[in-house]
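To keep things clear, I will list the structure first and then write my remarks on it.
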Amino acid sequence: MKILTANRLTDGEAVWYSTDHSWAEIIDRAELAQDKAAEAALEAVGKAAYDDNLVVDVNLVDVEVIEGAIVPNRLRERIRASGPTNRNDLGKQARPQAA
Amino acid sequence: MYRYDEFDHDFVKARVAEFTDQVDRRLAGEITEDQFRPLRLMNGVYLQLHAYMLRVAVPYGTLNSKQLRMLGHIARKYDKGYGHFTTRQNIQYNWPALSDVPAILADLASVEMHAIQTSGNCIRNVTADHFAGAAADEVADPRPYAEILRQWSSVHPEFSYLPRKFKIAVTGAERDRAAIQTHDIGLHLKKNEAGELGFAVYVGGGQGRTPLIAKKIRDFLPEEDLLSYCTAILRVYNLHGRRDNKYKARIKILVHETGTEEFARQVETEWAELKDSQLTLPEADIRAIEAYFAPPALTARPEGDEAIRLARLDSKSFSEWLDQNVTTHRHPDYAAVTISLKGIGEVPGDASDSQMEAVADLAEKYAFDEIRVSHEQNLILPHVARADLKAVYDALVEIELATANSGLISDIIACPGLDYCALANARSIIVAQNISKRFASLERQRDIGELKLKISGCINACGHHHVGHIGILGVEKKGAELYQVTLGGSGDENTSVGDIIGRGFGPEEITDAIETVVQTYLALRVDRSEKFLDAYRRVGPAPFKEALYGGEAKAA
């Protein structure tokens with residue numbers, strides 16, 4: 001299972017392509033690609049957003065859904081989704097919506 | 001310290017204007033990311049995991065209070081209230097918005113700072129001994145030469161697109177505190193028998209995935225030949241360095257594959273063409289640059305001895321700090337102070353906006369307005385009257401920067417690792433924090449003695465793990481973090497690359513493994529005077545392997 005992620009051009013904020021077709025600052029509502037066709041569709045979305053100068057460093061990343069929550073397989077992506085593990089006052093984890 | 005002249009001001013101002021325009025065009029969609037990436041990198045802007053990262057140059061690690069205050073201001077206004085001092089004597093901000101970078105660069109320019117050439121395949125910030133100009137064992141201050149190299153290498157048209165990045169370090173003392181043998185070019189400033197200044201020249205050192213110790217290719221290069229000889233080295237590298245493989249593109253690989261003798265011969269041949277050309281440094285120019293680095297007027301302050309004697313009686317913690325973080329100065333009434341950015345359990349190299357401002361105030365009041373950044377990620381006040389040490393200490397206690405651990409096991413170098421860095425494979429900071437907490441007792445640390453522990457979160461080795469007495473390299477194995485331990489590395493005048501000691505350890509195991517290494521050392525050292533590195537060099541890896549893996553080896 002994969003989701004589409006990138007960093008926003010203007011401020012570098014980590015963002016995920018979401019079910020409402022926006023680039024959200026949280027991973028929770030990321031659109032899931034369950035098969036190759038869906039992955040290709042997400043890739044196309046990513047390329048278009050890159051070409052439109054909305055985002056940079058666009059990638060599909062592997063995730064699992066655990067108890068209803070999207071959890072990336074790699075620690076790198078989990079850290080992107082929450083913030084530095086040594087300081088929970090920084091990054092997404094520090095924001096009210098993540099609580 | 002060096003002051004910008006009109007040319008410098010105009011140059012930096014022009015660069016800010018140019019990059020501001022480039023950012024505007026990028027944000028307006030007029031240029032693509034592929035076009036913009038090399039431009040932003042030339043101005044120190046990286047993209048990391050959570051945000052952009054801005055790396056600001058601190059030439060040879062020297063700052064004045066106005067500059068440090070500005071670094072604090074930038075941390076507060078544009079970032080998240082802190083900055084990270086790096087092993088290249090620079091500072092990095094982890095959260096700037098791209099749209100704010102032009103304003104940050106304008107603020108930096110107002111205090112004669114910039115982010116030019118802090119990335120890219122060019123000659124990077126020239127680093128130097130952090131005690132330069134203060135050290136008792138110094139032949140001469142290496143910074144004038146670092147400044148000459150900075151001026152020569154800034155937007156050098158021939159050397160702006162090298163096969164790979166290029167790092168130069170300069171030291172002015174026999175005791176190498178600038179790790180010159182791990183640099184592309186290492187310069188050891190010394191005097192010949194006639195008392196003339198010149199350099200021993202080392203080439204081809206570096207860490208990363210292929211750690212190699214630099215080779216000395218010239219024992220004495222007269223100071224006036226500095227630029228012509230460096231140009232010769234860079235020309236040979238620019239011509240023959242590999243551009244087909246990023247991992248083999250550094251000059252260390254070229255020197256290694258060509259052979260030191262043949263490489264030196266090629267440099268000498270090239271130099272024969274350049275020597276006595278317009279690149280020869282006029283005596284007057286060297287002395288003019290040197291004048292910028294003239295030592296402050298250190299008036300006699302003989303009352304320091306008595307003041308310290310009394311203060312020691314009064315405060316044990318001051319006494320311990322004095323023994324650990326205060327270094328002999330060439331003037332008997334003065335000392336160099338290491339401000340540890342390694343508080344127990346803190347992030348190595350991080351300083352808050354208010355700490356930066358407070359240190360700037362201290363420098364202004366007690367240290368002739370000078371601050372240094374060390375490659376060991378600490379701050380230095382290079383010239384403090386011994387009579388003022390207690391006042392400085394008390395002020396550092398107030399801002400929680402008085403940890404007396406310089407050179408001890410908790411004075412850890414650590415790269416940002418996977419908590420921030422897009423290249424990292426494993427976290428570094430949390431490993432450093434856990435080890436620091438495990439060895440929190442300063443009494444225990446002092447008993448262990450000098451021990452340089454260095455941690456990198458990937459093989460690029462920004463955390464200098466190869467030259468740590470104990471090195472830790474984080475890798476990713478089967479989706480999990482794994483930490484490899486190396487022992488016996490050193491980044492001084494007797495540089496050595498550490499030996500990989502065996503299989504790696506998980507995040508939950510690595511602190512215990514380090515504890516085992518330290519206990520093994522304590523059990524086998526001849527006495528307290530035998531430091532960890534000396535003991536390791538005497539006994540080799542076997543006892544440490546046995547202690548770490550013995551049981552499992554027998555069980556297998």
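Going down the list, the protein sequences come from chains A and E.
What the first sequence shows, in our numbering, is residues 1 to 99, in sequence order.
What the second sequence shows, in our numbering, is residues 1 to 556, in sequence order.
Cβ coordinates follow ideal geometry from the N, Cα and C atoms, glycine included.
Practice problem: Drop a sphere of 10 angstroms on the beta-carbon of residue 378/E, count the other beta-carbons inside from all chains shown, and report buried for 16 or more, exposed for fewer. | Solution: buried
Self-check item: Cut-off 8 Å between Cβ atoms - residues of its own chain near residue 305/E, not counting five sequence neighbours on either side
Solution: 386
Quiz prompt | Run of the alpha helix (DSSP H) containing residue 454/E, from where it starts to where it stops | solution = That residue, residue 454/E, is in no alpha helix (DSSP H); its beta strand (DSSP E) goes 453 to 456.
Practice problem: Compare the C-beta of residue 80/E with all C-beta atoms of chain A and state if any pair is closer than 8 Å. | Solution: yes
Practice problem: Within 10 angstroms of the Cβ of residue 337/E, are there 16 or more other Cβ atoms? Answer buried if so, exposed if not. | Solution: buried
Exercise. Use the C-beta contact count for residue 79/E: other C-beta atoms within 10 angstroms, 16 or more gives buried, fewer gives exposed.
Key: buried
Self-check item: Under the three-state DSSP convention, the category residue 403/E falls into
Solution: coil
Self-check item: Sequence-distant residues of the same chain with beta carbon closer than 6 Å to residue 43/E, five excluded per side
Solution: 19, 115
Quiz item: Given a limit of 7 Å on CB to CB distance, which residues of the segment 77 to 89 of chain A reach chain C?
Solution: Among the protein chains in the structure shown, which are A and E, there is no chain C.
Exercise. Apply the 10 Å Cβ neighbour rule to residue 313/E and answer buried if 16 or more other Cβ atoms are within range, or exposed otherwise.
Key: exposed
Exercise. Enumerate in chain order the residues of its own chain whose CB-to-CB distance from residue 432/E is below 6 Å, with the five nearest sequence positions on each side excluded.
Key: 348, 412, 414, 455
Quiz item: Which residues, taken in chain order from the segment 10 to 26 of chain A, show a beta carbon closer than 9 Å to some beta carbon of chain E?
Solution: 10, 11, 12, 13, 14
Exercise. For residue 348/E, write down the residues that DSSP places opposite it in a beta bridge.
Key: BP columns for residue 348/E are empty, so no partner.
Quiz item: Say the cut is 7 Å; is the CB of residue 34/E nearer than that to a heavy atom of the ligand NAD?
Solution: With respect to the ligand NAD, the structure shown offers nothing to examine, as it has no ligands at all.
Quiz item: How big is the Cα-Cα spacing for residue 438/E and residue 394/E?
Solution: 26 Å
Exercise. Tell me, please, which residues DSSP counts as bridged to residue 170/E.
Key: 128/E, 187/E
Practice problem: Go ahead and label residue 339/E buried or exposed: buried means 16 or more other beta carbons lie within 10 angstroms of its beta carbon, across all protein chains shown. | Solution: buried
Quiz item: What residue does the alpha helix (DSSP H) around residue 266/E start on, and which one ends it?
Solution: 260 to 274
Exercise. Taking only the alpha-carbon atoms, compute the straight-line gap between residue 524/E and residue 158/E and give it to the nearest angstrom.
Key: 54 Å
Exercise. Using alpha carbons as the reference points, say which of 243/E, 284/E, 273/E, 374/E lies closest to residue 63/E.
Key: 374/E
Practice problem: State the start and end residues of the unbroken beta strand (DSSP E) segment that holds residue 435/E. | Solution: Where residue 435/E is concerned, there is no enclosing beta strand (DSSP E), although the alpha helix (DSSP H) it sits in stretches over 429 to 438.
Exercise. Could you tell me whether any Cβ in chain A is nearer than 8 Å to the Cβ of residue 153/E?
Key: no
Quiz prompt | From 406/E, 335/E, 372/E, residue whose alpha carbon lies closest to that of residue 392/E | solution = 335/E
Quiz item: Taking Cβ-Cβ distances below 9 Å as the criterion, which residues of the segment 368 to 382 of chain E are in contact with chain A?
Solution: none
Practice problem: Tell me whether residue 282/E is buried or exposed, calling it buried when 16 or more other Cβ atoms sit within 10 Å of its Cβ. | Solution: exposed
Self-check item: Per-residue DSSP class, three states only, for residue 83/E
Solution: strand
Exercise. Say whether the segment 35 to 51 of chain E touches the segment 418 to 436 of chain E, bearing in mind that this needs 3 or more beta-carbon pairs closer than 8 Å, one atom from each stretch.
Key: yes
Practice problem: Kindly list, in the order they appear in chain E, the residues whose Cβ is closer than 7 Å to that of residue 73/A. | Solution: 479
Quiz prompt | Residue range of the unbroken alpha helix (DSSP H) whose run includes residue 359/E | solution = 353 to 366
Quiz item: Alpha carbon to alpha carbon, how far is residue 104/E from residue 452/E?
Solution: 35 Å
Practice problem: Taking only beta-carbon positions, decide if residue 28/A is within less than 8 Å of chain E. | Solution: no
Practice problem: Rank 264/E, 213/E, 206/E, 268/E by C-alpha distance to the C-alpha of residue 247/E and give the top, closest one. | Solution: 206/E
Quiz item: What residues match up with residue 513/E in a beta bridge as DSSP calls it?
Solution: Answer is none; residue 513/E lacks a bridge partner.
Self-check item: is_contact[residue 84/E, chain A] using C-beta, thresh 8 Å
Solution: no
Quiz item: Of all the CB atoms in chain E, is at least one closer than 8 Å to the CB of residue 53/A?
Solution: yes
Exercise. Assign residue 95/E to one of three DSSP states: helix, strand, or coil.
Key: coil
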